[in-house]
Amino acid sequence: MIVLVAALLLAQAQPEHHREGVPVPETARPAAGEHGATLGHQEVAPGAVHKGEHEKSGEEHKGGIAEHIFEHVQDETVVPLGFWAGQRYVRLDITKHVINMWIAAGILLIVVGLAARKRAVIPKGGYNMLETFVMFIRDEISVKNIGHNNDQYTSYLCTAFFFILFMNLCGLLPIPAFGGFPGVSTATGNVSVTVVLALFTFVLTQIAGMRAQGAVGYWTHLVPGGVPGALWPLMFVIEFFGLFTKPFALTVRLFANMVAGHIVIFFLIALTLFISVYVAPVSVAFALGIFMLELFVALVQAYVFTMLSALFIGMTQHAH
Amino acid sequence: MPLPAAGATGILEVESLTMNQFSLGYLAAGIGAGLAVLGAGFGIGRLASAAMEGTARQPSAGGDIRTSMIIAAALIEGVTLFAEVVCIILAVKV
């Protein structure tokens, strides 16, 4: 629940289009020409024929291929919501990825809820499979990395693992948009979602460190012992900023792995449109191969995120 | 073909199609993406060869070696994808 609310609050990275209907004050829009250098060719209407820039091999639509592909992996607003906070407008739109997070969370709650009913000494069926996963997370990931305090953190690790796994797997379902429903896509392909997940790990890491080493002891032990006194402030600043590289790496690793697979598949299918329809057998075969790889990557990335979270929590348990 | 005038900044007035700032940006994105994949290929190749050798020496440790190999491959690929994301941003925003 906290994940959903937090991701909703932090889902401010909206795409450039689909912003009509949201009241924005005149002062918040960038002045015309201010972003001339960085917007580049997007100042011209997308899809229009670009003179000279995109006429590679004479096909005028080739320049639009990147835009078409990125349209599919980007977020789009379904219900624009928000509120005014003084001068700024805080956008809390319900977007496609938010709805997909709800779908993944709903499936997770239903599956785990149904599976956890039949508790018995000898487990069978769905409960058995669930217990296999949870025991794997507890024994291989949590106990090996965190040590003897692992009870406090195993539930977060299980939540993170299953939620990320279900979000990644939902992205592989080919359910398109129909009616008002925006379609099922990869919620972890949005950098806002992965940044919030990494932020949870970061906050939990700090809390774990402060619980294990004392609230003040954690910060004083951030710098390893044996550092000469004169160097201590500099080392503290370096170590403090080094605390943030790990969640950043978690964010980008999960986000880029999820998005890269989808972009490759979209591009391979788009070749059928842009070269000729007769490349379709080869194109679809390659796309199927990448799809299988993506299935594997979905599992591995959920596991790697969970394992690195456990590792970071474990690293804070003892002073250097 | 005349070179662009000294003050030409717009994309629709440039005469030369070879070395304006946008084509250099696209070229950089392409070369960057290729180099990133090159690094990943070397790294994961070495990793896989070490894993094969270790499993050949002690087949009973094959499961543990396989798990560690997959974790290390995912981490190396994560670093590669940082570079790929930068190249994608460059290619789309330029």
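Read top to bottom, the protein sequences are chains E and X.
Residue numbering for the first sequence follows the working numbering, beginning at 1 and increasing consecutively.
Residue numbering for the second sequence follows the working numbering, beginning at 321 and increasing consecutively.
We put the CB at the ideal spot given by N, CA and C, even for glycine.
As the structure is a prediction and not an experimental result, all values here were calculated from the model.
Spanning the alpha carbons of phenylalanine 161 of chain E and glutamine 341 of chain X requires a straight line of approximately 44 angstroms. Rounded to the nearest angstrom, the gap between the Cα atoms of valine 216 of chain E and lysine 246 of chain E is 22 angstroms. Within the region 341 to 362 of chain X, the residues whose Cβ lies closer than 7 angstroms to some Cβ of chain E are Phe342, listed in chain order. Contact annotation for alanine 256 of chain E against chain X: Gly398, Leu401, Phe402, Glu404 and Val405 [CB-CB distance below 8 angstroms, chain order]. Around the beta carbon of phenylalanine 362 of chain X, fewer than 16 other beta carbons lie within 10 angstroms, which makes this residue exposed. The Cβ-Cβ distance between isoleucine 164 of chain E and threonine 306 of chain E falls below 9 angstroms.
Judged by beta-carbon spacing, valine 73 of chain E lies within the 9 angstroms limit of threonine 186 of chain E, meaning their Cβ atoms are closer than that value. Ranked by Cα distance from methionine 210 of chain E, the first of E:Ala256, E:Ile99, E:Ile69 and E:Gly314 is E:Gly314. Within the region 89 to 170 of chain E, the runs of alpha helix (DSSP H) that reach at least 4 residues and sit entirely inside it are, in chain order, 96 to 115, 125 to 136 and 151 to 170. Note that the region 293 to 309 of chain E touches the region 256 to 265 of chain E; at least 3 beta-carbon pairs, one per stretch, sit closer than 8 angstroms.
With the criterion set as a beta carbon lying under 7 angstroms from some beta carbon of chain X, the members of the region 293 to 308 of chain E are Val300, Gln301, Val304 and Met307, in sequence order. In the structure shown, valine 264 of chain E adopts helical secondary structure according to DSSP, grouped into three states. For glycine 314 of chain E, there is no enclosing beta strand (DSSP E); the enclosing alpha helix (DSSP H) covers residues 280 to 315.
Scanning its chain for C-beta atoms nearer than 7 angstroms, with the 5 sequence neighbours on each side dropped, one finds around isoleucine 107 of chain E the residues Phe166, in chain order. As a beta-bridge residue in DSSP terms, glycine 82 of chain E pairs with E:Arg91. Less than 9 angstroms divides the Cβ of aspartate 75 of chain E from the Cβ of asparagine 190 of chain E. Taking C-beta atoms as the reference points, glutamine 317 of chain E and isoleucine 146 of chain E count as a pair closer than 9 angstroms.
Annotation for phenylalanine 312 of chain E: Thr201, Thr205 and Lys246 place their beta carbon closer than 7 angstroms to its own, counting only its chain and skipping 5 residues before and after. Nearest C-alpha to glycine 261 of chain E among E:Gly289, E:Thr272, E:Phe244 and E:Leu234: E:Gly289.
When Cβ pairs closer than 8 angstroms are counted between the two stretches, the region 216 to 228 of chain E is seen not to touch the region 127 to 139 of chain E, the count staying below three. Listed in chain order, the positions of the region 384 to 398 of chain X with a beta carbon within less than 9 angstroms of a beta carbon of chain E are Thr387, Ile390, Ile391, Ala393, Ala394, Leu395, Glu397 and Gly398. For arginine 88 of chain E and serine 192 of chain E, the gap between their C-alpha atoms comes out near 20 angstroms.
Ranked by Cα distance from tyrosine 127 of chain E, the first of E:Val112, E:Ile99 and E:Leu243 is E:Val112. Listed along chain E are Ala66, each with a C-beta nearer than 8 angstroms to that of alanine 411 of chain X.
Taking 9 angstroms as the Cβ-Cβ cut-off, the region 234 to 263 of chain E approaches chain X at Ala249, Leu250, Val252, Arg253, Leu254, Phe255, Ala256, Asn257, Val259, Ala260 and Ile263, given in chain order.
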